[in-house]
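Taking it in order: structure first as structure tokens, then the write-up.
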Amino acid sequence: MEYISREQIREQVNHLAAARIPFLFLVDYKAEKGAVIKLTELASNGIACAIDGVEIGRRVVADPHETDLRVEPILFDDYKKYFDRVMEHIHHGDSYLLNLTFASRLVNDLDMSSIYLNSRAGYKFMIEDEFLFYSPEPFLRIENDVVSCCPMKGTSKDEKALIESCKELCEHHTIVDLIRNDLSMISRDVEVEKFRYTEAITTANGKVFQTSSKISGKLDDRWRERLGDIILRVLPAGSISGAPKVRTMEIIEEVEPTKRGFYTGVMGVYDGIGLDSCVIIRYIEKCAQGDYYFRSGGGITAQSNAEEEYAELLAKIYVPII
Numbered sequence: 001m002e003y004i005s006r007e008q009i010r011e012q013v014n015h016l017a018a019a020r021i022p023f024l025f026l027v028d029y030k031a032e033k034g035a036v037i038k039l040t041e042l043a044s045n046g047i048a049c050a051i052d053g054v055e056i057g058r059r060v061v062a063d064p065h066e067t068d069l070r071v072e073p074i075l076f077d078d079y080k081k082y083f084d085r086v087m088e089h090i091h092h093g094d095s096y097l098l099n100l101t102f103a104s105r106l107v108n109d110l111d112m113s114s115i116y117l118n119s120r121a122g123y124k125f126m127i128e129d130e131f132l133f134y135s136p137e138p139f140l141r142i143e144n145d146v147v148s149c150c151p152m153k154g155t156s157k158d159e160k161a162l163i164e165s166c167k168e169l170c171e172h173h174t175i176v177d178l179i180r181n182d183l184s185m186i187s188r189d190v191e192v193e194k195f196r197y198t199e200a201i202t203t204a205n206g207k208v209f210q211t212s213s214k215i216s217g218k219l220d221d222r223w224r225e226r227l228g229d230i231i232l233r234v235l236p237a238g239s240i241s242g243a244p245k246v247r248t249m250e251i252i253e254e255v256e257p258t259k260r261g262f263y264t265g266v267m268g269v270y271d272g273i274g275l276d277s278c279v280i281i282r283y284i285e286k287c288a289q290g291d292y293y294f295r296s297g298g299g300i301t302a303q304s305n306a307e308e309e310y311a312e313l314l315a316k317i318y319v320p321i322i
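So, in structure tokens, the structure goes:
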């Protein structure tokens, strides 16, 4: 697929939304490139997409195939070296929350179409032989001139430990405050509607629990004319970057061993009336050599423990099956 620049994304989103023409948009982590495609042209571009179980792209078919993921993750000793570099920045006051991510090589024989068909998530997307994701995390939603965001921060196989963790609670407070600030740049009367609720995801290896919050604000009734500006104004998503956002992104660029690309970017659909979008996580990409990699990570704060953060990185490598 050919991608377009940030400015082209902004212009095309503004134009199509103002004309109330349904489209899908895709933006990479650094909001430097992406795509804007009319919904009627998704199939011809080889794109499969589903939101809340409703397919809006090409029809995907696949033979029965293994979907359990077997990985070769970064070794803990190597992870610890990157973790320590992040902690050094945090202790120097450069950042107080940084989302540190890595790519884990998948060693089993994979079929992207089978994984796409068998995964159950609010948001699914696939460009065959490039990447796919099945994300549980909404980004911006706009309905009846109200914009909302539901950042997901905190993932564990142990629900009780997740809820009772002081570190996870502090991290969640930080992200909610960051998202409130982001929404205040594009809307008015911003409020936290629901703070830190828990959701369970069933995988082939048991349940994984996550915590989210809902923050919302009000838009004027001409928001469609500037939808591209609205989206780009709040990128990248706070839940996958950190705080303060700009300095934390600089540290991520310095520390992480590989570029993120579309991982932790944003995908969304405008249906002619409202907007629904997600953060691009639970992401599998195919590299030039033919190997597949699963991207995952977690938020690092001054209270973080390397062993627990490494366990969270591994806990996020799954296919949701129910």
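Each residue of the sequence shown is one higher than the one before, starting from 1 at the first, in the UniProt record's numbering. C-beta: ideal position from N, C-alpha, C; glycine also.
query                                                                                                                                                                         : result
Using the rule of at least 16 other Cβ atoms within 10 Å of the residue's Cβ for burial, across every protein chain shown, is Cys166 buried or exposed?                       : exposed
Jot down the residue ranges of each uninterrupted alpha helix (DSSP H) in the segment 54 to 83, minimum 4 residues, whole runs only, in chain order.                          : none
Put Val266 into one of helix, strand or coil per three-state DSSP.                                                                                                            : strand
Kindly indicate which three-state DSSP category Cys49 falls into: helix, strand or coil?                                                                                      : strand
From which residue to which residue does the beta strand (DSSP E) around Asn99 run?                                                                                           : 97 to 106
Just to confirm my understanding: we take Ala17, look at its own chain, exclude 5 residues before and 5 after, and list those with CB closer than 6 angstroms. What are they? : Arg224, Leu227, Tyr270
Just to confirm before moving on: does the CB-CB distance between Val234 and Ile186 stay below 8 angstroms?                                                                   : yes
Determine whether the beta carbon atoms of Ser239 and Leu140 lie at a separation below 8 angstroms.                                                                           : no
Which whole-angstrom value describes the C-beta separation of Ile142 and Leu275, a residue pair presumed to lie in contact below a C-beta threshold of 8 angstroms?           : 4 angstroms
Would you tell me roughly how many angstroms separate the C-alpha atoms of Ala315 and Ser156, rounded to the nearest one?                                                     : 7 angstroms
Mind checking which residues open and close the alpha helix (DSSP H) that includes Val255?                                                                                    : 245 to 255
So does the segment 81 to 94 actually touch the segment 291 to 308, counting three or more Cβ pairs closer than 8 angstroms?                                                  : yes
Does the Cβ-Cβ distance between Tyr292 and Leu106 come in under 8 angstroms?                                                                                                  : yes
Leaving out the 5 sequence neighbours to the left and right, which residues in its chain are closer than 8 angstroms to Arg70 when beta-carbon positions are compared?        : Leu106, Val107, Asn108
Pull up the distance between the alpha-carbon of Gly93 and that of His172, whole angstroms please.                                                                            : 19 angstroms
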